[in-house]
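Asks: With the UniProt record's numbering, the residue at position 233 of the sequence shown is 233, and numbering never jumps. Sharing a structure with you now.
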Amino acid sequence: MRLSAAEKYEIIQTVTTSELGVKRTLESFGIARSSFYKWYGSYLEYGYDGLETTKRTNHRQWNSIPEKQKDLVVEIALEHTELSARELAYKITDEQGVFISESSVYRILKQRDLIPAPNHFLLSAANEFKDKTEFVHQMWQTDFTYFKIIGWGWYYLSTILDDYSRYIIHWELCDSMKAEDVKRTVDTAIKKAKLKTKVKPKLLSDNGSCYVSNELKSYLKDDLRMKQVHGKPMHPQTQGKIERYHRTMKNVVKLNHFYHPEELIQALEKFVENYNNKRYHESINNLTPRDVYFGRSEQILEKRKQIKEESIRKRRQIYNQQKLVSL
């Protein structure tokens, strides 16, 4: 797995501040210690530039970023402080029609002391499913997570996530974690998905009591003709996507105290809307879940390719013009 300088830097920052220790933290990333210490040594000796795969040379000066575009990077970074350099790079391409690489975005922000804090973890292929899904609605993941509402007690969030696109199809805030809550969540997800085939998605869940109950098993099998899949207990290849989603969501939503279920529902609605429509996911070609779910991947990737080619062409043209003037 080839990593960019920005990704290596984020790993270094995470490992050196982790309470788990170097060995366990690197294992969670799927990164060999020899690779990490090689990066770390280069970083200590040469700084951020030491993390580049190849040394920068003068023949690349033609591709330098114009000052106006650097200012644009800073402006957008200040407006969206929650985004990493990777996410900012693709947001600028998609919304501004300008190609600026992730490493260039990172370098521009570093020069201005605006480096975003690491907000995502890289997972090796060993932490993903051996047989990955190949299309939308091939498999859904479902899970519960919990919130405490002051004066109301514990409430439980039931979520349905499409495995291929990472799109959140449906979620409900429940006052229990029973089979009937799962049934209701799945039913609504099926209605929202508007499935065009009789074949239902597989449903992946953990081995919680509500998911292994006979009530849910018979309902999925007999009523919905839906195959149920249970992940292996304590195994990282099972529900990584929905568990990471819930973990990320709780880190944001739980920053506030909630005194009524409706307040929590509004916060969840805001988070899901941003996650589905605005978050760029590295594992799906730096697209949003909505882009993949609604089949816009190829169109967007082709447009990005054209923007990149045009941006590079213009920079080369400007460079050549400046060379002629200096003669």
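The C-beta atom is built at its ideal place from N, Cα and C for all residues, glycine as well. As the structure is a prediction and not an experimental result, all values here were calculated from the model.
Just the C-alpha distance for Y275 and A89, rounded to the nearest angstrom, thanks.
Replies: Position 275 of the sequence shown, counted from the start, is the residue given in the question as residue 275. Position 89 of the sequence shown, counted from the start, is the residue given in the question as residue 89. Those two C-alpha atoms are separated by around 17 Å.
Asks: Using CA coordinates, which residue listed in D113, L114, K68 is at the minimum distance from I100?
Replies: Along the sequence shown, read from residue 1 onward, the residue named residue 100 stands at position 100. It is K68 whose Cα lies nearest to the Cα of I100.
Asks: Provide the residue(s) that pair with E172 in DSSP beta bridges, ordered along the chain.
Replies: Mapped onto the sequence shown, residue 172 falls at position 172. Looking at the DSSP assignment, E172 forms a beta bridge with S158.
Asks: Once you ignore the five residues that flank V253 on each side, which residues in its own chain have a CB closer than 7 Å to its CB?
Replies: By one-based count along the sequence shown, residue 253 stands at place 253. Excluding residues within five positions, the ones whose Cβ falls inside 7 Å are A267, L268, F271.
Asks: Around the Cβ of S18, are there at least 16 other Cβ atoms within 10 angstroms (buried) or fewer (exposed)?
Replies: Taking the first residue of the sequence shown as position 1, residue 18 is located at position 18. When all chains shown are included, S18 counts as exposed.
Asks: Answer with buried or exposed for T16, where buried requires no fewer than 16 other C-beta atoms within 10 angstroms of its C-beta.
Replies: Translated into the one-based positions of the sequence shown, residue 16 becomes position 16. Answer is exposed; the Cβ neighbour count stays below 16.
Asks: Starting from F258 and walking both ways along the beta strand (DSSP E), at which residues does that stretch end?
Replies: One-based indexing of the sequence shown puts residue 258 at position 258. Counting along the chain, F258 falls outside any beta strand (DSSP E), and DSSP gives it neither H nor E.
Asks: What does H281 pair with, by DSSP beta-bridge criteria?
Replies: Walking along the sequence shown from the start, residue 281 turns up at place 281. Per DSSP, L287.
Asks: Evaluate contact between the segment 302 to 315 and the segment 93 to 109, counting only Cβ atoms and requiring at least three cross-stretch pairs below 8 Å.
Replies: Because the criterion of three Cβ pairs below 8 Å is met, the segment 302 to 315 and the segment 93 to 109 touch.
Asks: Mark R279 as exposed unless 16 or more other C-beta atoms lie within 10 angstroms of its C-beta, in which case mark it buried.
Replies: Your numbering for residue 279 matches position 279 in the sequence shown. When all chains shown are included, R279 counts as buried.
Asks: Are the beta-carbon atoms belonging to D162 and I169 less than 8 Å from one another?
Replies: On the sequence shown, position 162 is the one that residue 162 refers to. On the sequence shown, position 169 is the one that residue 169 refers to. Cβ distance < 8 Å, so D162 and I169 count as in contact.
Asks: With DSSP as the reference, label K178 as helix, strand or coil.
Replies: As a position in the sequence shown, residue 178 is number 178, starting the count at 1. Coil at K178, not helix or strand.
Asks: Would the beta-carbon of Y9 fall within 8 Å of that of L51?
Replies: Taking the first residue of the sequence shown as position 1, residue 9 is located at position 9. Taking the first residue of the sequence shown as position 1, residue 51 is located at position 51. In this structure, L51 lies closer than 8 Å to Y9 by Cβ.
Asks: Buried or exposed, going by whether 16 or more other CB atoms sit within 10 Å of the CB of A85?
Replies: Here residue 85 refers to the residue found at position 85 of the sequence shown. Buried is the call here.
Asks: State the Cα-Cα distance for the pair H137 and D291, rounded to the nearest angstrom.
Replies: Locating residue 137 in the sequence shown gives position 137, where the first residue counts as 1. Locating residue 291 in the sequence shown gives position 291, where the first residue counts as 1. Distance between the alpha carbons of H137 and D291: 14 Å.
Asks: Can you name, in chain order, every residue of its own chain whose Cβ lies under 8 Å from the Cβ of E273, other than the five neighbours on each side?
Replies: Counting from one through the sequence shown, the residue named residue 273 turns up at place 273. Result list for E273: empty, nothing under 8 Å.
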